[in-house]
């Protein structure tokens, strides 16, 4: 089945929108919202993730636990094989730098969540995880989306409900395009 990568710059509100849509679609068997493994404390805020020490992450990596993994902003990130199941639309929060690798593994759609630069800076400062120098470095990190990917853009510059509605509509559109209608109407089971 398809993977949907939700990607975009730091501060765009990806985790906030994903949390809202995950709650709305909790009973929908078409979707699996993947949880990342991250070398960040579980109490650091942001996404609900599996918190691993750097040593535990490296051990899991060496054991082949991750279908995708990367490093960014001094942290290690991974998606375990079980978090990207076949037979469902797997919604993955990915680094923009990982999109081509993900597309090489499974059919991929990308939802790019964006916001104006001033709003990105404000959100990063408000979450309080980094000092001004690190925030500036995050904002300066410009990664263009690779050519040839199917990308849907969600501009998250207003209320959470509006951004979540746009993300949900994008996910529903992907599901409609990749899950046979006969399955959806017949109580789709992965």
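Residue numbers (the numbering used here): 60 to 249. In this text, a Cβ means the ideal position worked out from N, Cα and C, and glycines have one as well. Remember, predicted model here, so these are calculated numbers, not experimental data.
Buried versus exposed call for residue i [16 or more other C-beta atoms within 10 Å across all chains shown]
i           : result
residue 121 : exposed
residue 98  : buried
residue 143 : buried
residue 67  : buried
residue 185 : exposed
residue 96  : buried
residue 203 : exposed
residue 168 : buried
For residue i, three-class secondary structure by DSSP
i           : result
residue 194 : helix
residue 128 : strand
residue 206 : coil
residue 165 : coil
residue 200 : coil
residue 75  : helix
residue 107 : coil
residue 95  : coil
residue 152 : strand
residue 139 : strand
residue 134 : strand
C-beta atoms of residue i and residue j nearer than 9 Å
i           : j           : result
residue 234 : residue 152 : no
residue 110 : residue 100 : yes
residue 160 : residue 135 : no
residue 126 : residue 170 : no
residue 70  : residue 226 : no
residue 205 : residue 158 : yes
residue 84  : residue 179 : no
Closest Cα partner of residue i within the set the options
i           : options            : result
residue 141 : 133, 129, 124      : 124
residue 108 : 139, 156, 194      : 139
residue 147 : 231, 90, 84, 85    : 90
residue 150 : 216, 87, 191       : 87
residue 200 : 237, 84, 154, 128  : 154
residue 237 : 84, 209, 85, 112   : 209
residue 253 : 231, 215, 228, 232 : Absent from the model: residue 253. The displayed extent of the chain is 60 to 249, so no value can be given.
Between the segment 218-227 and the segment 68-87, are three or more C-beta pairs nearer than 8 Å?
Yes: the two stretches touch, three or more of their Cβ pairs being nearer than 8 Å.
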